[in-house]
Structures are given as C-alpha cells and as structure tokens.
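> Just passing along the structure, written as structure tokens.
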Amino acid sequence: MGAYILRRLLLVIPTLFGIMVINFALTQFVPGGPFDQIEARLEGDGDSVQAIGGGSGDAGIDNGEQGDYVGARGLPPEFRAKLEVEFGFARWNCAEGFTGTPSLNTPECTKEMISAPERFLIMMGKFIRFDFGESYFRSESVLALVAEKLPVSITLGLWSTLIAYMISIPLGIAKAVRDGSAFDRWTSAVIIAAYSIPGLLFAILLLVLFAGGSYWKIFPLRGLTSDGFESMSFLQQIGDYLWHIALPVTAYTISSFATLTLLTKNSFLEEIKKQYVMTARSKGLSERRVLYGHVFRNAMLIVIAGFPGLFVSVFFGGSIIIEKVFSLDGLGLLGYRAVVERDFPVIFGTLFAFGLVGLVIGILSDLMYVLIDPRIDFERRG
C-alpha cells in the first residue's frame with residue numbers, strides 16, 4: 002500500500018503541471034487582459050468589453066478637453082511599461098553599475114518582453130514555493146484573498162456536503178428496502194422535484210418567505226455573522242452562525258442530494274440481489290444484520306467514490322448565484338471576478354492550490370476504500 006501511495010503522490014506532479022499548462026495556454030488566446038481592464042477603468046467603463054470593441058472615448062471623467070483625458074488615448078507608454086514590469090510581462094535590462102530607477106527615457110536601460118513559456122516557468126517556480134504573488138487590482142496577496150473568502154466556502158461546502166450525505170444515505174437505503182412501494186414512489190417524486198428547482202429561484206423564494214421579503218422575517222438577509230459577534234458568548238456565537246447559514250445552505254443543498262440518494266439506492270439494490278446475501282439470509286441472520294453487516298460495506302464503496310468529486314466541487318467551486326443572492330463574498334465570486342478582470346495571479350494561484358488539494362483528496366478516497374473494505378488491495382492491482 003505504501004508503494005501505491007508513493008506512486009500516486011508522484012503522479013500528482015505531472016497531473017498538476019498538465020492542468021496548469023492547459024489553462025495557461027488557454028488564457029493566451031482569450032481576448033482582453035489586465036491592461037485592457039486598466040484602460041477601461043480609466044475610460045469609466047468598468048471592464049474591458051468596450052475597450053476591446055472600440056467603446057466610446059468620452060466615457061468617464063471630463064475635464065473640459067477630451068484630448069487631455071488619459072483614458073481616451075490609452076495608457077501612457079511610461080505607465081504601461083511600469084505595469085508590464087510589475088505584472089511580470091517584461092523586465093529591465095540595465096547597464097552594469099546602474100543604480101537609478103529604470104524608465105523608457107533611461108538610455109542605460111532597455112525593456113525586454115518576457116515570452117509566455119518563460120513566464121509560465123517563472124510562475125511555476127514560485128508556485129512550488131507556494132508563492133502565489135499579489136492580485137493585479139487589489140494590492141493583496143493571493144493567499145490573503147483566499148484566506149479572507151475561505152470561511153464562506155467552508156460554510157457552504159462543508160455543511161452542504163455533510164447534510165447531503167446525512168439525508169441521501171438513510172433515504173437511499175430506505176428506498177432500496179422498500180423498492181416499488183408507495184414510499185419509494187413518493188420520495189422519488191419529491192427528489193425529482195427538488196432536483197429540478199433552479200438554485201437561483203429557490204434562493205429568492207427563501208428570501209421572500211423567510212428573510213423579510215414579503216412574509217416572515219425569521220432569518221437574516223446577508224452575511225455569516227451579526228454585528229457584535231465577537232462580544233457574544235460561545236453558545237450565542239454558535240446559534241448566530243447557524244441562524245445565518247440556514248437559508249444559504251438550504252438553497253445550496255436542495256438539489257445536491259438527489260443524485261446521491263438514487264446512487265445509494267441503486268447500489269444497495271444491486272448488492273441485495275447477489276448470492277452472498279441469499280446465503281446470509283439462509284443462515285437465519287436477521288434482515289437488519291444482513292443489510293448493515295454485509296450489504297452496507299459493499300454498497301457504500303461506490304457512494305464513497307463520489308465523495309472527493311462532490312466535496313471538491315462544492316467546497317472550492319462555490320456557488321456564484323447563492324453567494325450573490327445572500328451577499329456572501331466567497332471563493333465563487335472571487336474566481337468569477339478574477340476571470341472577468343483577467344487577474345492572472347488570482348486565477349492561477351487558486352487553480353494550483355485547488356488542483357493540488359483535489360488530487361490529494363482523491364488519494365484519501367482510495368485510503369477510505371481500504372478502511373471500509375480491507376479486501377481491496379491497490380498494490381496488488383498495480
């Protein structure tokens with residue numbers, strides 16, 4: 002088992018490298034970039050869409066003469082050169098012994114653009130040391146930004162995953178035992194209805210009904226905690242936290258347990274029909290002992306196999322819609338804004354960190370297989 006884990010850990014390196022290569026290459030072909038964003042902000046458009054498409058030059062600040070407005074004629078060459086060096090797109094080559102500040106007007110220095118492959122290698126060299134750089138537009142390190150948004154994602158991801166499993170596994174087992182009964186049919190109808198509800202619609206419905214929209218004001222409208230949270234007692238803090246997350250977690254979980262429930266049911270039905278179950282029943286074992294002592298361990302393997310994917314997608318992917326509706330500033334909104342703004346350090350830094358965690362969780366999933374069923378031997382399969 003130790004050799005298998007070592008091989009899997011070694012495979013993380015080329016896999017993560019391939020993920021970064023593909024995504025870095027894709028960004029080279031996407032129109033717009035950080036410089037277009039800055040120019041668009043100077044023009045007052047707020048994004049690079051109009052800048053790329055030749056938007057109107059009279060937007061933004063008007064000082065009386067359009068010709069004097071910097072945003073109308075693009076970034077000044079000196080300012081753009083400074084940004085290119087700061088963002089890692091270029092570097093200064095200065096004569097030996099030069100100690101001043103390099104600029105386009107400095108004869109001892111020349112600006113050299115850095116090619117995309119070299120920029121990628123420089124970036125990966127920093128990532129190996131877990132140096133993810135700083136955001137282009139927030140003047141804050143990527144790690145600090147992720148740490149700031151992480152509580153929201155931990156709340157939505159962890160609670161949604163736990164609740165989905167707590168509901169799906171017992172419900173799936175009950176449906177398998179009562180397959181074809183009225184209970185099975187009614188619960189299937191409820192599951193399908195819940196799965197078909199759009200997250201945005203359900204989140205708005207919860208706000209309207211329970212957050213003071215038009216009916217009852219039972220739950221808060223935004224945030225994870227109330228004002229004065231630090232001054233509350235420990236039990237009050239727990240209550241306030243649960244009070245705030247009730248609606249967003251409910252909206253986040255409503256459709257996520259449907260697939261897991263049906264997967265659990267079908268897995269149990271497949272195991273119940275096997276020969277070893279008939280043998281156990283013929284020995285006089287109770288139905289409960291057959292179900293939980295023999296069937297459960299085998300049937301749960303496929304359910305556990307889906308845990309890493311569900312956890313990573315919910316925890317790291319976040320839900321932009323849910324975060325937006327409930328005014329929760331999490332990783333979902335951070336990633337969306339980074340893509341829109343072409344904030345490459347945030348995009349690649351979070352992608353590297355989340356990819357690494359996802360691959361490690363996949364290895365932990367294999368270890369869970371062995372813990373549940375010691376008969377599984379990955380080393381022998383290898």
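Under the numbering used here, the first residue of the sequence shown is numbered 2, with each subsequent residue one higher. For each residue, glycine too, the CB sits at the ideal point set by N, CA and C.
#1: Between the segment 248-266 and the segment 201-209, do at least 3 Cβ pairs fall closer than 8 Å?
#2: Checking the sheet assignment: what are the DSSP bridge partners for K284?
#3: Going by DSSP, what residues sit across from E119 in a beta bridge?
#4: Would the segment 135-145 count as touching the segment 343-359 if we require 3 or more Cβ pairs under 8 Å?
#5: To which residues of the same chain is E66 closer than 6 Å at the C-beta, ignoring the five residues directly before and after it?
#6: Cutting at 6 Å between CB atoms, please list the residues of its own chain near G331, excluding the five before and the five after it.
#7: Could you say which of L365, A26, G34 lies nearest to R9 if we only look at CA atoms?
#8: Given a cut-off of 8 Å on the beta-carbon distance, is the pair V147 and T280 in contact?
#9: Helix, strand or coil: how does DSSP classify K325 here?
#10: If you draw a straight line from the alpha carbon of I39 to that of S104, how long is it in whole angstroms?
#11: Which residue marks the beginning of the alpha helix (DSSP H) containing K274, and which one marks its end?
#12: Please classify R74 as buried or exposed, where buried requires at least 16 other C-beta atoms within 10 Å of its C-beta.
#13: For the segment 259-276 and the segment 164-181, state whether three or more C-beta atom pairs, one from each stretch, are separated by less than 8 Å.
#14: Per DSSP, what are the beta-bridge partners of R92 in this structure?
#15: If you draw a straight line from the alpha carbon of F258 to that of K112, how long is it in whole angstroms?
#16: DSSP on S256, reduced to helix/strand/coil?
#17: Would the segment 265-278 and the segment 170-189 be scored as touching if the rule is three or more Cβ pairs under 8 Å?
#18: At what residues does the alpha helix (DSSP H) containing Y337 begin and finish?
#19: If you draw a straight line from the C-alpha of P77 to the C-alpha of V143, how long is it?
#20: Starting from the Cα of M21, find the closest Cα among Y370, S116, L122, A96 and give me that residue.
#21: Considering only residues of the same chain and omitting the five flanking positions on each side of T16, which have a CB-CB separation below 7 Å?
Let me spell this out:
#1: yes
#2: Paired residues: none, contrary to the question.
#3: DSSP, once it has assigned bridges, lists no residue as partnering E119.
#4: yes
#5: Since pLDDT at E66 reaches only 40, below the 50 mark, its modelled position is unreliable, and the value read off the structure follows with that caveat. Here E66 has no same chain residue with a Cβ atom under 6 Å from its own Cβ, once five neighbours each way along the sequence are excluded.
#6: Within the same chain, G331 has close Cβ partners K150, V153, S154, G319, E324.
#7: L365
#8: no
#9: helix
#10: 20 Å
#11: No alpha helix (DSSP H) contains K274, which DSSP labels as neither H nor E.
#12: Its pLDDT being 49, under 50, R74 is placed unreliably by the model, and the measurement read from it follows with that caveat. Exposed, because fewer than 16 other Cβ atoms sit within 10 Å of the Cβ of R74.
#13: yes
#14: E113
#15: 56 Å
#16: coil
#17: yes
#18: 332-342
#19: 28 Å
#20: Measuring from the Cα of M21, the nearest candidate turns out to be L122.
#21: L360
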